[in-house]
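The structure appears below as structure tokens.
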């Protein structure tokens, strides 16, 4: 009996997110449930296969790792209980850590703004998030009309609400950094 030891990427992902990508059966349920699959260059089940094959460079340069919204639909649909969204997030973190240029140039900026928003307030404020993103991408006015409409209709709050335990949020970010995750 031959035992497949797995790729170095499989081991790296398991160390990073605790998931055993070798357990993926390639059933495709993750991909058929993904709301963003039409915008991806590599479908979630293909991400898993490429990880099994050790195709790190292909995965880190893909659009998919930046387009994934981490909604965890793929994870919920997996018959082997693999956290597919967690694997994709680990790949995104690896790309950031290794300085791999994203296939979509503004997505890492959005990613940084998103995490910065959570770090500061403990939750997402759409207005603050998009304001920071638009300022950093130097695209301040393209969605201004929509922002005004959303404010008038009460769809976004003008002042962000804060969670009570922001200190706990900061601890989570520090622990993540200590474990090699997102930068503080």
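Residue numbers (my numbering): 232 to 415. Glycine included, each C-beta is placed from N, C-alpha and C at the ideal position. Here the structure is a predicted model, which is why all the values come from computation and not from measurement.
Legend entry - Distance, residue 404 Cα to residue 362 Cα: 22 Å
Inset, instruction - Keeping to the same chain, check which residues put their C-beta closer than 7 Å to that of residue 402; ignore five residues upstream and five downstream. - result: Hits under 7 Å: none found.
Inset, instruction - Pick out whichever of 294, 278, 372, 374 has its Cα sitting closest to the Cα of residue 241. - result: 278
Legend entry - residue 324, enclosing alpha helix (DSSP H) - first and last residue: 315-328
Inset, instruction - Excluding the 5 residues preceding and the 5 following residue 239 in the sequence, name in chain order all residues of the same chain whose CB lies nearer than 7 Å to its CB. - result: 285
Legend entry - Assumed close pair residue 341, residue 299 - CB separation to whole angstroms, cut-off 8 Å: With a Cβ gap of about 12 Å, residue 341 and residue 299 do not count as contacting.
Inset, instruction - Kindly indicate which three-state DSSP category residue 415 falls into: helix, strand or coil? - result: Here the model assigns residue 415 a pLDDT of 42, short of 50, so the residue's position is not dependable and the matter cannot be decided.
Inset, instruction - Count the other C-beta atoms from every protein chain shown that fall within 10 angstroms of the C-beta of residue 258, then say buried if there are 16 or more, exposed otherwise. - result: With fewer than 16 other Cβ atoms within 10 Å, it is exposed.
Inset, instruction - Just the C-alpha distance for residue 318 and residue 269, rounded to the nearest angstrom, thanks. - result: 19 Å
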